[in-house]
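For reference, the structure is listed below as structure tokens.
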Amino acid sequence: MANWNYPKSDKAFDSWFNSFNSTFNKYWKSYGWTATQKKSWNNTWKNWHSWYSKWWKAHQAEQQAMKKMHYYRQIAEKRFNEWWPKFYRNSHNAGQFSKFGVPKWNGSTSSRSRSSSRSRNHSGRRAA
90 MANWNYPKSD KAFDSWFNSF NSTFNKYWKS YGWTATQKKS WNNTWKNWHS
140 WYSKWWKAHQ AEQQAMKKMH YYRQIAEKRF NEWWPKFYRN SHNAGQFSKF
190 GVPKWNGSTS SRSRSSSRSR NHSGRRAA
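Take 90 as the starting number for the sequence shown in the working numbering and just add one per residue.
Printed below as a string of structure tokens:
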């Protein structure tokens, strides 16, 4: 396999390709290409290049959007994490109605809570 000095950056690739392309455009006949083949080559390059340009612009836009998304996500999460424990006093008491002081129904809370009422604790089928 030939060890070509393949360019490392987009700018370097562009200059390398321009050089290659101009050389190829000059000498394609001596490489034994027919006019039809050359036309096909040009067309292929044109189509590929227009597709790639569009893709590259879209890709850059996408990168920018992701960057913004991360930035705003980070702000939103910070604010949410500050807000959540104020609204629901703690994660253990995070029932649907804990805003209104109604605790989560977990069966083992303090004697003052709703769920400690003896008649409600042992529900379901009892042995006769």
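Beta carbons are placed, not taken as given, at the ideal position from N, Cα and C, and that holds for glycine. Treat the numbers as computed from the prediction; the structure is a model and nothing was measured.
May I ask you to report which of helix, strand or coil DSSP gives residue i?
i: LYS118; result: coil
i: LYS97; result: coil
i: THR112; result: helix
i: THR123; result: coil
Below 8 Å on the Cβ atoms is my contact criterion, and I expect residue i with residue j to pass it. Report the Cβ-Cβ distance as a whole number of Å.
i: LYS53; j: TRP117; result: Only positions 90 to 217 of the chain appear in the structure, and residue 53 is not among them; the question remains open.
What does the alpha-carbon distance come out to for the pair residue i and residue j?
i: HIS148; j: TYR161; result: 20 Å
i: HIS138; j: ALA165; result: 40 Å
i: THR133; j: TRP173; result: 57 Å
i: SER98; j: TRP145; result: 15 Å
i: TYR120; j: ASN114; result: 10 Å
i: THR112; j: PHE102; result: 15 Å
Excluding the 5 residues flanking residue i on each side, which residues of the same chain have their C-beta closer than 6 Å to its C-beta?
i: GLN152; result: none
i: TRP130; result: none
i: TRP105; result: PRO96
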